[in-house]
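In full-length UniProt numbering, the protein residues as written are 1 to 101. Beneath this line is the structure, given in structure tokens, with notes to follow.
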């Protein structure tokens, strides 16, 4: 994959959306663009590779050598999230404090 300034479907569920010539959003095409889960990572070309800020997944930043590597890591993150057995916490009802009787 070469650096792109056009939207590129990069396999699986991911898509690279250009921000400018040296920056992209890696997005999950299964999620609405209005949903916060849509953006998987922000990627910026640097002198020695690609600085990636992960929005989804555990690690927050990484420096990778190619856009292909960024996409592969994004696919790994999506697979891990799909396989996770964790779910949202069960809401606990909150009651106002008891008033003195």
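Ideal Cβ placement from N, Cα and C applies to all residues, glycine included.
Proximity to residue i [Cα-Cα], best of the options
| i | options | result |
| --- | --- | --- |
| residue 53 | 23, 13, 15, 99 | 23 |
| residue 32 | 18, 65, 14, 62 | 14 |
| residue 56 | 81, 17, 49, 18 | 81 |
| residue 58 | 17, 67, 34, 73 | 73 |
| residue 38 | 49, 25, 12, 79 | 25 |
| residue 27 | 21, 35, 20 | 35 |
| residue 66 | 60, 49, 79 | 49 |
Bridge partners - residue i, DSSP secondary structure assignment
| i | result |
| --- | --- |
| residue 43 | 24, 52 |
| residue 17 | 25 |
| residue 61 | 53 |
Cβ-heavy atom distance, residue i to the ligand PLP, below 7 Å
| i | result |
| --- | --- |
| residue 68 | Looking at this structure, you won't find the ligand PLP or any other ligand, since it has none at all. |
*Evaluate the contact criterion for the segment 89-96 versus the segment 43-50: three or more CB pairs, one atom per stretch, below 8 Å.*
no
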